[in-house]
Amino acid sequence: MGYSIKHIKGRGGRVRYQAQVWHDSLFYGAKTFDNEGLATTWGEAKFEAAVAGTLQPAALRAKQRKCEVGLNQTMAHWAQQYLEGPGQKHGESRRYDYALVGKLLSTTKLRAFDGEEGAQLVEQLSIDWQFDRRQKSKATKPTGESPKPLVSNTVRLRLSALLRIIRFAKSKLPVEAGFRGPALEAIFEWELPAAYSAPRTRLPSDDEYASMMRELGLETPLGDLLMGIDETGARMSELRTIKGADVRLLEIGGVVIGGEWTLRKHKTQRTVGTRQVPLSLFAAQMLQRRRAVHGDGPLFPGLTKDQACDGFDEACDTLGIQNLQYKDFRRAFINRNKDSTSHLDMVRVTSAMLEREATRLTEAERSVLQAVGHRRPATTLGYTLADIEKLCARFTATSRWPRIRAMLAMDAAPTPPMAASSSDELDALQSELAAVLAKVSAAMRSAPRASSASPSSPT
Numbered sequence: 000m001g002y003s004i005k006h007i008k009g010r011g012g013r014v015r016y017q018a019q020v021w022h023d024s025l026f027y028g029a030k031t032f033d034n035e036g037l038a039t040t041w042g043e044a045k046f047e048a049a050v051a052g053t054l055q056p057a058a059l060r061a062k063q064r065k066c067e068v069g070l071n072q073t074m075a076h077w078a079q080q081y082l083e084g085p086g087q088k089h090g091e092s093r094r095y096d097y098a099l100v101g102k103l104l105s106t107t108k109l110r111a112f113d114g115e116e117g118a119q120l121v122e123q124l125s126i127d128w129q130f131d132r133r134q135k136s137k138a139t140k141p142t143g144e145s146p147k148p149l150v151s152n153t154v155r156l157r158l159s160a161l162l163r164i165i166r167f168a169k170s171k172l173p174v175e176a177g178f179r180g181p182a183l184e185a186i187f188e189w190e191l192p193a194a195y196s197a198p199r200t201r202l203p204s205d206d207e208y209a210s211m212m213r214e215l216g217l218e219t220p221l222g223d224l225l226m227g228i229d230e231t232g233a234r235m236s237e238l239r240t241i242k243g244a245d246v247r248l249l250e251i252g253g254v255v256i257g258g259e260w261t262l263r264k265h266k267t268q269r270t271v272g273t274r275q276v277p278l279s280l281f282a283a284q285m286l287q288r289r290r291a292v293h294g295d296g297p298l299f300p301g302l303t304k305d306q307a308c309d310g311f312d313e314a315c316d317t318l319g320i321q322n323l324q325y326k327d328f329r330r331a332f333i334n335r336n337k338d339s340t341s342h343l344d345m346v347r348v349t350s351a352m353l354e355r356e357a358t359r360l361t362e363a364e365r366s367v368l369q370a371v372g373h374r375r376p377a378t379t380l381g382y383t384l385a386d387i388e389k390l391c392a393r394f395t396a397t398s399r400w401p402r403i404r405a406m407l408a409m410d411a412a413p414t415p416p417m418a419a420s421s422s423d424e425l426d427a428l429q430s431e432l433a434a435v436l437a438k439v440s441a442a443m444r445s446a447p448r449a450s451s452a453s454p455s456s457p458t
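Numbering (numbering that gives the first Met the number 0), first residue to last: 0 to 458.
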């Protein structure tokens, strides 16, 4: 092996000389010259470099060039590549986050996010982005006001978009690039939000629920918030901003048996409209207690989104509970009631995404769609009127709050004899539940609609 000189004849009969260099069956390069002497000199020099190890094979050099090109591409380029590929499955709002990351890092190269230095850069961005309010709205911003920091979840979503773009870019680079990505283990302890292609399936157990209530505290803002989500299936943001004026308590003989919550502003209000959320006995009692203190105004005054999320996360850390979110309790509510409640009613109550779950319609619901000539379930949803009293009774029957209260009472018992008292309390709660359900059934048979207490007067 060595170098060879190949004679190449051009169109006009002109002869040129191409030096080709090989070593250990590997091709190292070739170059064409007008003069054979120059070709020989070049071939000898490159062959000596190949033998000495100072010249890499041509294939390896090509890979290195490809690596350099990828590493030197800006994050704007990789964000665009992601949106044209796996990012197509995201919704419009989520795609905006990825495009925004590309815009914010339009001059930052991918190689800047490698290793420890990359981790430091991400950590700095997590601080800087708290005060970088890039709004989707084109409305004029008020002047003279200092910008408020973004809520932590907004920054988290933006950072998760950045990390997904980095992972995508890493998958497109050759292994020889040696790109590891940022070393984030010591900085962030949260997971990326689940994509629609891999939805979450986490359901909190009774033990986890009871432990969280014990840590957050009974009849505290965070404890009531968590309990309310598990009882109503509402989103955390919806229940956190509930007002006493929007709650109607249902009574029989002066005893609260349930309630109705009018929810006008929520995530899917354009397709679902105003939601009338039935309240189980236990949710109604909790809201009645808070309304007696706070009146018609916000029932969770002063509780910000960050405080709610941080308090929840701190409780999970203290208890060693992993991968748990508020929305998992919303999922638990839906799964407890999905088989006993009309799917259209569940969409009306929880505002779940109807079009994604159209296959879950019952035969009766499909028959109604066919009979009235509706092609889309969303059309029929506009005609659906949920029977609030029946749903209140049903959600009370499926509630797991009596079990949780009993578990908390049993956990607090200092001696074995107290366990019997806890068992008696469980029996009493179950008897109370049965009595309430009996009252509801009797009232529904005797009257078309139960009486209600005035929202403005505490009951």
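Beta carbons are placed, not taken as given, at the ideal position from N, Cα and C, and that holds for glycine.
Shown here for L390: same chain residues with a beta carbon closer than 6 Å to its own, the five before and five after excluded, namely P277 in chain order. A direct Cα-Cα distance of roughly 5 Å separates F32 from Y16. Following the DSSP letters along the chain, one finds T39 inside the alpha helix (DSSP H) bounded by residues E35 to A51. Taken through DSSP and simplified to helix, strand or coil, P173 comes out as coil. Going by C-alpha positions, L280 is about 22 Å away from K326. With the rule of 3 Cβ pairs closer than 8 Å, the region 89-101 does not count as touching the region 63-70. Cβ-Cβ separation between L238 and G227: approximately 5 Å, consistent with a contact (criterion under 8 Å). Partner residues in the beta bridge of S3, as assigned by DSSP, are Q19. Per DSSP, reduced to three states, the secondary structure at E115 is helical.
Contact between the region 159-179 and the region 68-80 is present, with at least three C-beta pairs closer than 8 Å.
L221 is positioned such that its CB atom lies no closer than 9 Å to that of A331. Non-local beta-carbon contacts of L298 in its own chain, meaning distances under 7 Å to residues more than five positions away in sequence, involve I241, K242, G243, L286, R289 and R290 in chain order. Going by beta carbons, R201 and L323 fall inside the 9 Å limit. K30: member of the beta strand (DSSP E) spanning L25 to F32, first to last residue. Each of L124, N336, G28 and D309 was checked against the Cα of G232, and the nearest Cα belongs to N336. Under the three-state reduction of DSSP output, G232 falls in the coil class, being neither helix nor strand. Using a Cβ distance threshold of 9 Å, G52 and A18 do not count as a contacting pair. Between A283 and L318, the C-beta spacing is not below 9 Å. In the structure shown, R13 falls within a coil segment according to DSSP collapsed to helix, strand and coil. Assignment of L54 by DSSP, reduced to helix, strand and coil, places it in the coil class.
Between the alpha carbons of K108 and R13 lies a gap of roughly 46 Å.
Taken through DSSP and simplified to helix, strand or coil, R247 comes out as strand. Here DSSP, grouped into helix, strand and coil, assigns G227 to helix. DSSP places E259 in the uninterrupted beta strand (DSSP E) bounded by V254 to L262.
When DSSP states are grouped into helix, strand and coil, K266 belongs to the coil group. When beta bridges are read from the DSSP output, T73 appears opposite K108. Secondary structure at P297: strand, using DSSP grouped into helix, strand and coil. Between R157 and Y97, the alpha-carbon positions lie close to 7 Å from each other.
In the DSSP secondary-structure assignment, L278 is bridged to G258. Taking a contact as a CB-CB distance under 8 Å, the pair G258 and V246 counts as one, their CB atoms being some 6 Å apart. Less than 9 Å divides the Cβ of G114 from the Cβ of A182. With respect to the 9 Å criterion, A75 and K102 are classified as neighbours on the basis of their beta carbons.
Annotation: E67 to E175 spans about 10 Å, alpha carbon to alpha carbon.
When the five nearest sequence neighbours on each side are left out, the beta carbons in the same chain lying within less than 7 Å of the beta carbon of P56 are those of L25, F26 and Y27, in order along the chain.
Under the DSSP assignment, K102 falls in the alpha helix (DSSP H) whose first and last residues are E91 to L103. Annotated as distal: M406 and D127, with beta-carbon spacing of 9 Å or more.
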